[in-house]
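First residue of the sequence shown? That's 1 in the UniProt record's numbering, and the numbers climb one at a time after it.
Here the structure comes first, spelled out in structure tokens, and everything after it is commentary.
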Amino acid sequence: MVQTLEVGITLAVVLGIFAQWIAWRFGFPAIVLLAGCGLLLGPGLGVLNPTTDFGPLYHTLVGLAVAIILFEGGFSLKRKEIEGVTRGVIRLISVGVVLAWILGSLAAHYIAGLAWPLAITIGAILVVTGPTVVGPLLRHAKLQPRPASLVKWEGIINDPLGALLAILSFEYALGLGSGSGEGTVWELSIQLLGALIFASVLGGGAGLALGRLFRTGLVPEFLKAPGLLAFVMLVYVLANTLLHEAGLLAATAMGLVMGNMELADALDLRRFKENIVVFLVTLLFVLLTADIDPDTLARLDWRAAAFVAAMLFVVRPLAVLLSTVGSSIRGQERVLLAWVAPRGVVAAAMAGILGESLSQAGYQHADLIFPLVFAIILTTVLLHGLTIRPLANRLGLTAGSPNGLLLVGASPWSIQLAQRLHEEGVRVILADPSSHRLSAADAVGVPTHVGEVLSDLGRQQLDLAGIGNLLAATDNSAYNALVCTRFAHELGRNHVFQLPAGKGTEEETPEFSHEVRGRTAFSDDATYDEMTRRYYLGWHFDELHVTGTRSGQQCPEGSETLLILRRNGDLTLHSPGWTGEPRLGDRVFCYIPAPEEEDTLEQAALGAQ
Numbered sequence: 001m002v003q004t005l006e007v008g009i010t011l012a013v014v015l016g017i018f019a020q021w022i023a024w025r026f027g028f029p030a031i032v033l034l035a036g037c038g039l040l041l042g043p044g045l046g047v048l049n050p051t052t053d054f055g056p057l058y059h060t061l062v063g064l065a066v067a068i069i070l071f072e073g074g075f076s077l078k079r080k081e082i083e084g085v086t087r088g089v090i091r092l093i094s095v096g097v098v099l100a101w102i103l104g105s106l107a108a109h110y111i112a113g114l115a116w117p118l119a120i121t122i123g124a125i126l127v128v129t130g131p132t133v134v135g136p137l138l139r140h141a142k143l144q145p146r147p148a149s150l151v152k153w154e155g156i157i158n159d160p161l162g163a164l165l166a167i168l169s170f171e172y173a174l175g176l177g178s179g180s181g182e183g184t185v186w187e188l189s190i191q192l193l194g195a196l197i198f199a200s201v202l203g204g205g206a207g208l209a210l211g212r213l214f215r216t217g218l219v220p221e222f223l224k225a226p227g228l229l230a231f232v233m234l235v236y237v238l239a240n241t242l243l244h245e246a247g248l249l250a251a252t253a254m255g256l257v258m259g260n261m262e263l264a265d266a267l268d269l270r271r272f273k274e275n276i277v278v279f280l281v282t283l284l285f286v287l288l289t290a291d292i293d294p295d296t297l298a299r300l301d302w303r304a305a306a307f308v309a310a311m312l313f314v315v316r317p318l319a320v321l322l323s324t325v326g327s328s329i330r331g332q333e334r335v336l337l338a339w340v341a342p343r344g345v346v347a348a349a350m351a352g353i354l355g356e357s358l359s360q361a362g363y364q365h366a367d368l369i370f371p372l373v374f375a376i377i378l379t380t381v382l383l384h385g386l387t388i389r390p391l392a393n394r395l396g397l398t399a400g401s402p403n404g405l406l407l408v409g410a411s412p413w414s415i416q417l418a419q420r421l422h423e424e425g426v427r428v429i430l431a432d433p434s435s436h437r438l439s440a441a442d443a444v445g446v447p448t449h450v451g452e453v454l455s456d457l458g459r460q461q462l463d464l465a466g467i468g469n470l471l472a473a474t475d476n477s478a479y480n481a482l483v484c485t486r487f488a489h490e491l492g493r494n495h496v497f498q499l500p501a502g503k504g505t506e507e508e509t510p511e512f513s514h515e516v517r518g519r520t521a522f523s524d525d526a527t528y529d530e531m532t533r534r535y536y537l538g539w540h541f542d543e544l545h546v547t548g549t550r551s552g553q554q555c556p557e558g559s560e561t562l563l564i565l566r567r568n569g570d571l572t573l574h575s576p577g578w579t580g581e582p583r584l585g586d587r588v589f590c591y592i593p594a595p596e597e598e599d600t601l602e603q604a605a606l607g608a609q
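Have a look at this one:
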């Protein structure tokens, strides 16, 4: 048995990671492929039966894994993302959750034919909108920042709320089953409110304490990431011990607090968590789908299909539209939110745990809970993945033509360039791992991104809506080349640029292939050191408007041609050997010497004649 379990777990991990790679390579929803792996190993080949193989330990491991996933989700949320739509988000995660629960329970009872205790449990499970699948959908749709933030925040906050609500509904169902259901609805409401307050205080307080401990320097760097993981597990278990099933919400609250503390080592913590979470999501979803009974799947009939349709086309739209009446959320955003609600691994985990427990408690048809949730997960991921982009286009919520600039590397001159482009209405993001280096850009209102753009987590958190060009402008040429290679597939190799490495460097030798670097930005002389030197000599950015009598106008002699902002809004970075000419209505951006240096250049030019 031990050997069989060993083989099963190994196959689950290997096939799951391979499915993740296939999904990344071909842009397919990973959760669908993971479900296929689970069905193959479980009902298909019979290699893996998690409930039997793991025994009571199975539910414990699933709970801990979900807690870590939700902590990571909370850690990635930033307060500034919901500025202007805070009330709308609060409506969605309060009134919207209650409406979705009530309407979903009604659909489960009257359409799917489940008894009321089972109906309110599955209704609670399905209020969640999984962050593990929302992220890829947002990257595919390239939404404007505001609707993207609404979808992201709702997905991450709703997950622990839905899980907590599902547990309380489960307790209510057990109370009815034991004949002690009198007064349970009132008790359920009190328990829910108490759990919200308790978990928020415990999780938030633990996150604040741990963050301050990290700042004192008492924890060495090599222990911070594993220590954080251990502390998340401790908070989860402690919350569950003190108040049944408050652990998931406490873990999310802890992540939300720590993620907004501007910790100096946040980047290293994110890298560690990103690897752990990808592994956990992969293994967890394969195990959950492997646990499905083939006979139960065969029992899904037209009522199950009607229930799925009702959840997609009636329950979700009504819950969103009614809960956001009179809010700051615009009509187009409400329509998008009413449709987009993919479920993910948290819904699957709660359905797997609670469905089995209700079956053991004697509830008939409780074994249908997980297959029904599983059907909704696959349907929403596929349908929403295929339709979110066309719908967002129709509603005018996409970021439009990708003409903006992602500028990687904060330095005095790059901040000045980003500020100038931002003032001219160009969509620009200045990215750097150091919040300290970005502070000057934040002070002048330039959109910034703190994080490592080469990591998967950093890429997921980077909103590239409206971005069509990349300039890697750090002082490390090899790093610049890696950044260009990382984004070449998404933006196109002709739209990724890096500063020249300079004469005699390894990157300029023939052995350093142009396939692993970006196009040279500006000119061969515009190295990082040279651009920095010019900044301190007083060089400044200016623009030249191409009029009818000055078509083909170039920057003054001795200055640096940087880019052209076309009349239609397209952005074109200058590069050596570039043959494009400015046209009527274009604007040419130049890096121009200080006045005294211009005089010196003019005198040198006259002397050479």
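Built from N, CA and C at the ideal position, the CB exists for glycine as well.
Using alpha carbons as the reference points, say which of L15, I156, V151 and D525 lies closest to A67. I156
Are residue 611 and T129 touching if we call contact CB-CB under 9 angstroms? Shown here, the chain extends from 1 to 609; a query on residue 611 therefore has no answer.
Through-space distance from A478 to P412, alpha-carbon basis: 21 angstroms
CB-CB length for I429 against I388, believed under 8 angstroms: About 22 angstroms; that fails the 8 angstroms criterion.
Using a Cβ-Cβ cutoff of less than 7 angstroms, which residues in the same chain neighbour A366 once the five nearest sequence positions on both sides are dropped? L118, G355, L358 and S359
Alpha carbon to alpha carbon, how far is A410 from A473? Give it in angstroms, no decimals. 8 angstroms
Burial state of D568, where buried means 16 or more other Cβ atoms lie within 10 Å: Before going on, a small fix: residue 568 reads as Asn here, not Asp. Label assigned to N568: exposed.
With DSSP run on the structure shown, which of helix, strand or coil describes E543? strand
Helix, strand or coil for R587? Go by DSSP, reduced to three states. strand
Quick one: what does DSSP say I111 is sitting in, helix, strand or coil? coil
Residues bridged to V428 [DSSP beta-bridge criterion]: L405
Taking the C-alpha atoms as reference points, what is the distance between L208 and M258? 6 angstroms
Among residues of its own chain, excluding the 5 on either side of Y58, which ones have a beta-carbon nearer than 7 angstroms to its beta-carbon? P50 and T51
Identify every residue that forms a DSSP beta bridge with L143. T398
Please list the terminal residues of the continuous alpha helix (DSSP H) segment that includes I93. T86 to I93
What did DSSP end up calling T4 once you bin it into helix, strand or coil? helix
Assuming G8 and L61 make a contact with CB atoms under 8 angstroms, what is their CB distance in whole Å? Incorrect: roughly 14 angstroms between the Cβ atoms, too far for contact.
Same chain, Cβ closer than 8 angstroms to L263, neighbours up to 5 away in sequence not counted: G211, F214, R215 and L269
Answer with yes or no whether the minimum CB distance from V32 to chain D is below 9 angstroms. Of the protein chains in the structure, only one exists, and it is not chain D.
Please list the terminal residues of the continuous beta strand (DSSP E) segment that includes F497. V496 to Q498
Within 10 angstroms of its Cβ, does P433 collect 16 or more other Cβ (buried), or is it exposed? buried
Jot down the residue ranges of each uninterrupted alpha helix (DSSP H) in the segment 431-479, minimum 4 residues, whole runs only, in chain order. 435-443 and 456-461
So what's T527 in DSSP terms, helix, strand or just coil? coil
Would you say the segment 487-500 touches the segment 534-542, given that touching needs at least three Cβ pairs under 8 angstroms? no
Starting from the C-beta of L284, find all residues in its chain whose C-beta is less than 6 angstroms away, skip the five residues before and the five after it, and write them out in chain order. A65 and V345
With H, G and I counted as helix, E and B as strand and the rest as coil, what does DSSP make of R299? coil
Output yes or no for whether 9 angstroms exceeds the beta carbon distance between N403 and R427. yes
Does the segment 324-336 come close enough to the segment 133-151 to have 3 or more Cβ pairs within less than 8 angstroms? yes
Would the C-beta of R533 count as close to the ligand ZN, meaning under 8 angstroms from any of its heavy atoms? For the structure depicted, the ligand ZN is absent and the ligand set is empty, with no information on it obtainable.
Report the start-end ranges of each alpha helix (DSSP H) in the segment 299-324 that is 4 residues or longer and not cut off at the edges. 302-310 and 316-323
Do you know offhand how far T132's Cα is from L297's? 25 angstroms
Are L92 and L318 close, meaning C-beta to C-beta below 9 angstroms? no
Taking all protein chains shown into account, do 16 or more other C-beta atoms lie within 10 angstroms of the C-beta of S94, making it buried, or fewer, making it exposed? exposed
Within 8 angstroms, do at least three Cβ pairs link the segment 101-113 to the segment 324-331? no
Can you look up A605 in the DSSP assignment and give me helix, strand or coil? Interpretation of A605 is limited by its pLDDT of 46, a score under 50 that renders its predicted location unreliable; the figure taken from the coordinates is listed afterwards. Correct three-state label for A605: helix.
How many angstroms separate the CA atom of E182 from the CA atom of R486? Residue confidence for E182 is low, a pLDDT of 47 falling below 50, so the modelled location carries little weight and cannot support an answer.
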